[in-house]
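A short worksheet on the structure shown next.
There are 2 protein chains.
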Amino acid sequence: MQKKIDELLKKNHLSITGGRRKILELFLQQDGALSHSDIEKRAGEKFDRVTVYRTLQTFLEKGLIHGIPSPDNSLRYALCKEDCSGGHHHDDHVHFICTSCGITVCLEEVMIPPIKLPGGYVSEQVEMLISGVCKTCNR
Amino acid sequence: MQKKIDELLKKNHLSITGGRRKILELFLQQDGALSHSDIEKRAGEKFDRVTVYRTLQTFLEKGLIHGIPSPDNSLRYALCKEDCSGGHHHDDHVHFICTSCGITVCLEEVMIPPIKLPGGYVSEQVEMLISGVCKTCNR
DNA sequence: AAGGCAAATGCAACGTTGTTGCAAATTAAT
DNA sequence: ATTAATTTGCAACAACGTTGCATTTGCCTT
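From first to last, the protein sequence lines stand for chains A and B.
Heads up, the first sequence is in my numbering, so the first residue is 1 and it goes up one at a time.
Heads up, the second sequence is in my numbering, so the first residue is 1001 and it goes up one at a time.
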């Protein structure tokens, strides 16, 4: 695990530090997306708020994670898959937010269908957000 | 215009006050969505920050406006069409954010296509967010 | 039209969230 | 090991959002 983390950092030309290791670990430990405050809580008292902000910013720029907007106005972050390094994302899957347990997950297998826009509009990025009840809460 | 505003308020069982009038006017004066700070700036010094928060909250609850999440983590609001009063929204259209001028608009004519979710997931609400260059910026 | 009640507003205080500058510490390269 | 560059923590600050309470306003009844 630690090895995988370090490789991930190196691959993205980032120096290996305690904070970055810890935050990456949190992302790898679960498949749901994390908000800034999630990370701050789970990382314990060990890291400064500012470091978390800056680390997330760096990860975003390097394409390690992507941001997911949510209806309640709190941005969440999730790990990108292998093929979207370098700021260019293959982020064309649906995001799901459970209204019961609050988890946010990437539904990698659900592609966003193509949309025909009215004349004059040019699409650059598409984000699809579905809220409802998730697999786990439904049983 | 003033008449239309008052009717809208009455129809939604809201008392008619200066603040509500002014905020509704702002929404009617343009077709783009407004953030909290947009409203605060345009309303001038006349209204307290808190009043704006509470008014938007009230309008949301009554179904006069709906919230639109955005990638930069600032919630915007837009007027609902006639048929979605009472908290139940017919909010199944696409939202478009222009990366050039920053405007957010509802593309009423573009419906969100149905999505098939993996087993166990139940959809309650779908939000679709497209960013790119808008009609006006493209010419 | 006036009085009384409920609702809305403004104010103050507070908590949270996010940003910036700078000095100290840590990392990576030589 | 030394050095240069990056990263971190701290402090201060700014923006955003919430709450309680006193005052004002809108609205209903008579």
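Glycine included, C-beta positions come from ideal geometry on N, C-alpha and C.
Own chain partners of A/L24 with C-beta closer than 6 Å, once the 5 adjacent residues on each side are dropped: Excluding residues within five positions, the ones whose Cβ falls inside 6 Å are I5.
Give a yes or no on whether the minimum CB-CB distance between B/I1039 and chain A is below 8 Å. With 8 Å as the cut-off, B/I1039 does not count as an interface residue toward chain A.
Just to confirm the assignment, what range does the alpha helix (DSSP H) spanning B/Q1057 have? Looking at the DSSP string, the run of the alpha helix (DSSP H) that includes B/Q1057 is 1049-1062.
By a C-beta neighbour count over all protein chains shown, 10 Å radius and 16 as the cutoff for buried, is A/S131 buried or exposed? Label assigned to A/S131: buried.
Coil, strand or helix - B/S1100 by DSSP: It is coil, neither helix nor strand.
Beta strand (DSSP E) containing A/Q125: first to last residue? Residues 122-133.
Beta-carbon proximity check, A/S35 vs A/R76, cutoff 8 Å: Result yes, Cβ atoms of A/S35 and A/R76 sit closer than 8 Å.
Could you tell me whether any Cβ in chain B is nearer than 8 Å to the Cβ of A/G32? No, A/G32 lies away from the interface with chain B (no Cβ there is under 8 Å from its Cβ).
Kindly say whether B/C1080, judged by its beta-carbon, lies nearer than 8 Å to any beta-carbon of chain A. Proximity of B/C1080 to chain A, defined by a Cβ-Cβ separation below 8 Å, is not satisfied.
Whose Cβ in chain B lies nearer than 7 Å to the Cβ of A/L75? Against chain B, the beta carbon of A/L75 has neighbours under 7 Å at N1073, listed in chain order.
Do B/I1068 and B/H1093 have their beta-carbon atoms positioned less than 8 Å apart in this structure? 8 Å or more divides the Cβ of B/H1093 from the Cβ of B/I1068.
List the whole-angstrom C-beta distance separating A/L26 from A/I16, where the pair is believed to meet the contact cut-off of C-beta under 8 Å. About 16 Å separates the two Cβ atoms, so there is no contact after all.
Neighbouring residues, chain A, relative to B/K1135 (Cβ below 8 Å): Residues of chain A passing the Cβ test: P118, G119, G120, Y121.
Extent of the continuous beta strand (DSSP E) to which A/G67 belongs: Where A/G67 is concerned, the enclosing beta strand (DSSP E) stretches over 65-68.
Beta-ladder partner(s) of A/S35, from DSSP: BP columns for A/S35 point to A/R76.
For chain B, find out if any of its Cβ atoms is closer than 8 Å to the Cβ of A/N12; answer yes or no. It does not; no Cβ of chain B falls within 8 Å.
If you measure from the beta carbon of B/F1059 to each beta carbon in chain A, is any gap under 8 Å? Closer than 8 Å: no.
List the residues of chain B whose Cβ lies closer than 8 Å to the Cβ of A/S70, in chain order. Within chain B, the residues near A/S70 are P1069.
Does A/G87 come within less than 8 Å of chain B when only Cβ atoms are used? For A/G87, the predicted structure reports a pLDDT of 48, less than 50, and the residue's modelled location is therefore unreliable. A value from the coordinates is still provided. A/G87 does not count as touching chain B.
Residues that DSSP places opposite A/L107 in a beta bridge: Partner(s): A/V94.
Check whether the stretch 1046-1056 of chain B and the stretch 1097-1113 of chain B are in contact - that is, three or more C-beta pairs closer than 8 Å. When Cβ pairs closer than 8 Å are counted between the two stretches, the stretch 1046-1056 of chain B is seen not to touch the stretch 1097-1113 of chain B, the count staying below three.
When DSSP labels each residue in this structure, what does B/L1026 get in the three-state scheme? In the three-state DSSP reduction, B/L1026 falls in the helix class (H, G or I).
Host alpha helix (DSSP H) of B/K1004 (start-end): For B/K1004, the enclosing alpha helix (DSSP H) begins and ends at 1002-1011.
Could you work out which residue in A/L14, A/Q29, A/R139 is closest to A/L79 when comparing CA atoms only? Among A/L14, A/Q29, A/R139, the Cα nearest to that of A/L79 belongs to A/Q29.
Which word fits A/K46, buried or exposed, when buried means at least 16 other C-beta atoms lie within 10 angstroms of its C-beta? By the neighbour-count definition (other C-beta atoms within 10 Å, threshold 16), A/K46 is an exposed residue.
For B/L1064, which residues in chain A fall below 7 Å Cβ to Cβ? In chain order: nothing, as chain A lies at least about 17 Å away.
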